[in-house]
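Novice: I have a structure here, written as structure tokens, and I will follow up with some questions on it.
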Amino acid sequence: MSQKEHIREQTARTPAVVMNSAEKRDIRIKRVSSRKRSRDSSQMTPERKRGSEKCPKICRLSSIMAEQQQQQQQPAAELFCSDSEDLFGDYDSLLQDSSLLDRLDDAEQSERQRDVQRDVQRDFTNLRTMTDEDVLTDSILDAMGEEDLPPSMQQFKDQVQETRVRLQGGDQTSTPLRNKKTSTPLRTKEESRPPRGGGGGGGGGGPSCRRSVADALKKTMLCNAASPAMASRSAALKEAVLSEEISVAMQALEEVSEEKTPDLGPFFGLPSRVKELMLRLKGIQSLYEWQETCLNLPSVQRRKNLIYSLPTSGGKTLVAEILILRELLCRKKDALFILPYVSLVQEKVRGLASFGVELDFLVEEYAGSKGRFPPVKRKDRRSLYVATIEKAHSLVNSLIENQRIDDLGLVVVDELHMLGDGSRGAIIEMTLAKVLYTAKSTQIIGMSATLGNIKDLQTFLRAENYSNDFRPVQLKEYVKLQDTIYEVDPKEEDCFKFSRLLNFKYSSSMQKLDPDHIIAMVTEVIPKHSCLVFCPTKKNCENVGGLICRYLRKDFLLLHEQQKLLLLSQLKECGRGSVCPVLSRTVPYGVAYHHSGLTGEERRLLEEAYTCGTLCLLTCTSTLAAGVNLPARRVILRSPYLAADFLKRSQYKQMVGRAGRAGIDSQGESILILQEKDRLTAQTLVSAPMEKCFSNLLLDEGKGLRSLILSLIGLNITWCVQQLQDFLRCTLLSVQEEHLCVQTSLKEALQLSLNFLQENQLIIREGETLSVTRLGKATYKVCIICVCISSGSVDLLYSSVLYKDLSKGLEGLMLNSFLHLLYLVTPYTMIHQVKPDWMLYYTQHQCVIHQFTLLSAAEQKMSAAVGVPESFVARRAAGQTVRKSANTEVVSRMYLALVLFSLLKDLNLWIVSDRFQMSRGFIQTLLSSSSAFCACVLHFTEELEEFWPFRALLTELTRRLSYCVTSELIPLMEVAGVMEARAKQLYNAGYKTLTHLANADPAVLSNTLENLSRKQANQIVASAKMLLREKAAALQEEVDDLLTLPKDLPSAPLIAL
């Protein structure tokens, strides 16, 4: 292959290929001349940026450069490219191959020596034949040799040879570099300046010094590139070749200057083993076309921030997981995966634990009471933190506080459009703004539904956007009015186009019970296909499920009979012998309901049964659409309302997006049931553009902004007003200031927040300097107390209330019972979610006064001390008026504390649920929220010395609330996917410790334990191995720290001689 063909082949390659080639050959871009023009930082190589190395000179140009600076500059001989604008030095040395320039340099030096010898013998009055032109002699060209040269350099040599022939024939009017008749030199500003140094400017009196051959070569290349359009065809071809060469060089320079992810293999930069694991663990053989396109985007390759938007079920999560694996394995950096719900975090931890075991990284869960702040710093292993929105904020805060934020290489946010979702959106905004402001090289990837103002999010995150309307299965949307089905078609005048009539014979009794024809629509697809029915309330879910089973054929009972019996036994096992009566009636028909009233383990069992086909229909609330991915052939929306509120466009799209199962169904269908009164509103719903996403930092009179400012000052991110203003420019609120700050400017909102914090003794202002008080420091560390335990808003006023409660508790802390501590850690934000029904409990002989009679005298005294005396409870239970009313918030908080107290005593959620007439799901939420709040209160007391007695007490209470089981089962329940019933099975089967479980054989485990599938056994063992490695690594790090020699160890004093 000729040198020219080789250059063209190199040019055709992509920048990535150029870089790969460069890496394999250990290429370094180095300067040839010290007179290069300065380049901005984005064009400099990492070595130049760091200043750690000086670029060694490759070509011996120093002597020639000295001569050039002394050379007399003649008007006719001005250069096209000034010394400070030398464009080709980097290109000449791109491949660290300076052989050509070396040969030119050597040949020129030899020729100069011969010229000096000849000139000594000449009469100095004789002038050279070409006094005002630079001539390149034959001897120099002969010294260059005959081997193949790059095209531009070969042009130069050919031109010289051609000129030599012309000169021999008597034509002495032109030079190889300039033809005065056909070419006009392009001059830079520096060329127009007078020549430096002493040598006169112009004329032709004395002999001019010979110009460097290397510079002449570069001049030729530039001249060819800048030739006018009227130049010959050969000149145009030469220009094209030069442009290609320069393009390859510049691309290589750009790629070297940018931080790239190391390439470890053929699977998007990952080893082939990752692809094998995708097939073995997830069953994924190949990626969708859009996924490959997205992973190969230049912004992804260069680690730029990215937002990608697709419809529900388009496969967004797989792209995020591949990017996470690249960060962990290739760049050796930690990654943070932010998910909206605890159930999604737990599911993701179970799913990725096997990858962590196989590929040697850690998967750490940050949800509920789980998670360590700051996380353990590991030397040899990288960690993937899978966190809820609130826990992710706490994690980022702890990394910033410990100056470890740069350990975080990647942040992935699922459901990024939740930035517009109230207080939780405010927390996402705080988290990302802090990462953007403090982290130097952390990449942010956002997965979002289609939004109407995606450009605002791009500006906020400094990100590029990739959008696609891909769906693996085609979706057809319908609405039902009376007994007619209409297809949704925005092109139609009223958006609805007639499709068909329902063909199902209803008796008069059925018509009364099912006026919306739900039975007709579900029986068209089940049991052959699956179906989801979204209902507006939890109670409606249970009623619709029971109604459908009432009119299903008996042959439904025969389908998957054994699997249904197994499911019921599993439900009974996790309920300690109890099963929900509704589920016991519907599960035999393959039907179940799904909402937050079920416990987490019950929901997980039903989800798995639906996924494997044991259940063919779920009646559910909208939370299912936002949670785990459970697609169906047909999705039915029972009503366009959620409780009393009409559906939003985003909510509607999220629910109908569940229609269509990739690889199973050829299409998906959604049917929205409408009443005539809702027809016009529904037309707007199905055809309206997507909602816009707006910042929520100013929600509820700026509570989010106050919390953000306090944490910024407490974390020492900012310590004056000007820095706070600079930070706020990095927020979504700043991007949308014109729209959101109509009545009050952002600067004024900042000042109001500072005044609030100062009035509540959370910060101190000393001139321009801002700092936090002791209370402020304790508060900012738990400033998301309220959000950690529910979806309530961030309110810093809770910190002062908590301080007063703890101070009052110290005066008469009851230590012979958990009741007093439970009252102190009952979440404030759950107080308003319960209202004691005194008459209900009185008529059922389960009144609250009975609960009080079960309390000891010390416990009753403690209740009276907090503001709930026994006399008050008795009067309320009897329906009598109370002369001195108690604080309703204190009463409700004490009521919830009694629920928690019963749980710790009875350890049976079903019994407590019946006793207090609360759903099992609510009680479980109360338990997990109290556990998280207890951990927050513990951090609060650690910052305030006066609360030292609480530290040991709250540490043990947090542990008890987290699992609410006997102590021997706690190590097993730390494993993802192991709940109380499963932990008892494992313990009774001999798997009593985490080590036992981590070393178990999944096949043996599956055969030993009843109702445990092989897939579940694999996940449990993988999670146990991951947890065991995490604990061992933490202990090893502690050992290493203990044995490390201190850097500030005092040395022995020097003794003067």
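When you read off a place in the sequence shown, starting at 1, and then add 968, the result is the number in the working numbering.
All C-beta atoms in this analysis are idealised placements derived from N, C-alpha and C, irrespective of residue type, glycine included.
Closest by CA to I1641, which one among V1624, Q1635, A1656 and A1630?
Specialist: The candidate whose alpha carbon is nearest that of I1641 is V1624.
Novice: Report the CB separation of G1282 from E1659 in whole angstroms; it is logged as a contact under 8 Å.
Specialist: G1282 to E1659, Cβ: 19 Å. No contact.
Novice: Heavy atom of the ligand PLP less than 7 Å from the Cβ of Q1984, yes or no?
Specialist: You won't find the ligand PLP in this model; it holds no ligand whatsoever.
Novice: For the structure I just gave you, are there three or more beta carbon pairs, one from the segment 1784-1795 and one from the segment 1907-1927, closer than 8 Å?
Specialist: Yes: the two stretches touch, three or more of their Cβ pairs being nearer than 8 Å.
Novice: Roughly how many angstroms lie between the CA atoms of N1264 and F1236, to the nearest whole one?
Specialist: The alpha-carbon atoms of N1264 and F1236 are separated by roughly 8 Å.
Novice: Buried or exposed for W1916, please, with buried defined as at least 16 other CB atoms from any protein chain shown within 10 angstroms of its CB.
Specialist: Exposed: under 16 other Cβ atoms inside 10 Å.
Novice: Residues in its own chain within less than 6 Å of L1095 by CB, not counting five upstream and five downstream?
Specialist: With a pLDDT of 40 at L1095, under the threshold of 50, the modelled position of that residue is not reliable, and the figure given next carries that caveat. No residues qualify anywhere along the chain.
Novice: Counting only the same chain and skipping the five closest in sequence on each side, list residues whose C-beta sits under 6 Å from that of Y1796.
Specialist: Here the set comprises Y1766.
Novice: Assign E2006 to buried or exposed, taking buried as 16 or more other Cβ atoms, counted over all protein chains shown, within 10 Å of its Cβ.
Specialist: Classification of E2006: exposed, given that the 10 Å Cβ count is below 16.
Novice: Tell me which same chain residues have a C-beta within less than 6 Å of the C-beta of R1629, skipping the five on either side of it?
Specialist: For R1629, where only same-chain residues beyond five positions count, the Cβ hits under 6 Å are P1599.
Novice: Tell me which same chain residues have a C-beta within less than 8 Å of the C-beta of Q1711, skipping the five on either side of it?
Specialist: Closer than 8 Å at the Cβ level, and outside the excluded window around Q1711, lies no residue.
Novice: Give the secondary structure of Y1434 by DSSP, where H, G and I count as helix, E and B as strand, and everything else as coil.
Specialist: Strand at Y1434.
Novice: Going by other Cβ atoms of all chains shown within 10 Å of its Cβ, with 16 needed for buried, is I2023 buried or exposed?
Specialist: Flag for I2023 reads exposed.
Novice: Are the segment 1416-1431 and the segment 1657-1677 in contact at 8 Å, needing three or more beta carbon pairs?
Specialist: Enough Cβ pairs lie closer than 8 Å, so yes.
Novice: So, using beta-carbon positions, are G1682 and V1740 closer together than 8 Å?
Specialist: Taking 8 Å as the Cβ cut-off, G1682 and V1740 qualify as a contacting pair.
Novice: Give a yes or no on contact between the segment 1532-1548 and the segment 1945-1960, applying the rule of three or more CB pairs nearer than 8 Å.
Specialist: Short answer: they touch.
Novice: Assuming A1944 contacts S1896 under a Cβ cut-off of 8 Å, what Cβ separation, rounded to an integer in Å, is found between them?
Specialist: Contact doesn't hold; Cβ gap of about 15 Å is too wide.
Novice: Just grab the DSSP bridge partners of M1415 for me.
Specialist: DSSP, once it has assigned bridges, lists Y1276 as partnering M1415.
Novice: Taking A2001 and R1372 to be in contact with their CB atoms under 8 Å, please state how far apart those CB atoms are, rounded to whole angstroms.
Specialist: A2001 to R1372, Cβ: 16 Å. No contact.
Novice: Taking C-alpha atoms, which residue in S1638, E1295, F1908 and L1667 lies nearest to V1493?
Specialist: Comparing Cα positions, the closest option is S1638.
Novice: Ends of the beta strand (DSSP E) at C1904?
Specialist: Looking at the DSSP string, C1904 is not in any beta strand (DSSP E); the run it does join, the alpha helix (DSSP H), is R1888 to E1911.
Novice: Using 8 Å as the threshold, is the C-beta distance between S1607 and C1463 below it?
Specialist: Not a contact, by the Cβ cut-off of 8 Å.
Novice: A1627 bridges to which residues according to DSSP?
Specialist: Its beta-bridge partners are A1600.
Novice: Helix, strand or coil: how does DSSP classify L1666 here?
Specialist: If DSSP states are grouped into helix, strand and coil, L1666 belongs with coil.
Novice: Just list the residues that DSSP pairs H917 with in beta bridges.
Specialist: Within the shown structure, residues of the chain are numbered from 969 to 2025, placing residue 917 beyond reach of any answer.
Novice: Y1353 and P1342 look like a contact to me (Cβ under 8 Å); what is the Cβ gap, rounded to whole Å?
Specialist: Incorrect: roughly 11 Å between the Cβ atoms, too far for contact.
Novice: Which residues in the same chain as C1584 place their Cβ atom closer than 6 Å to its Cβ, once the five residues preceding and following it in sequence are excluded?
Specialist: If we look at C1584 and ignore the five residues flanking it on each side, its Cβ neighbours are I1494, P1495, S1498 and G1558.
Novice: Indicate whether G1889 and T1587 have their beta-carbon atoms separated by less than 8 Å.
Specialist: Not in contact: G1889 and T1587 (Cβ atoms no closer than 8 Å).
Novice: Given this structure, state the Cα-to-Cα distance separating C1262 from N1433, to the nearest angstrom.
Specialist: Taking the straight line from one Cα to the other gives about 10 Å.
Novice: Hey, is the segment 1354-1373 in contact with the segment 1288-1306, meaning 3+ C-beta pairs nearer than 8 Å?
Specialist: The answer is yes - the segment 1288-1306 touches the segment 1354-1373, with three or more Cβ pairs under 8 Å.
Novice: Between I1396, I1275 and Y1771, which lies nearest to L1906 when the distance is taken from Cα to Cα?
Specialist: Of I1396, I1275 and Y1771, the residue nearest in Cα terms is Y1771.
Novice: In this structure, how does DSSP classify I1681 when only helix, strand and coil are distinguished?
Specialist: Here I1681 sits in helix by DSSP.
Novice: Out of R1844, E1576 and L1872, which one is the CA nearest neighbour of V1859?
Specialist: Per the Cα distances, R1844.
Novice: Run through DSSP, which three-state label would A1746 get?
Specialist: Helix.
Novice: Quick one: is A2020 buried, meaning 16 or more other Cβ sit within 10 Å of its Cβ, or exposed?
Specialist: Burial call: exposed.
Novice: With 16 other CB atoms within 10 Å as the buried threshold, where does A1832 fall?
Specialist: Exposed: under 16 other Cβ atoms inside 10 Å.
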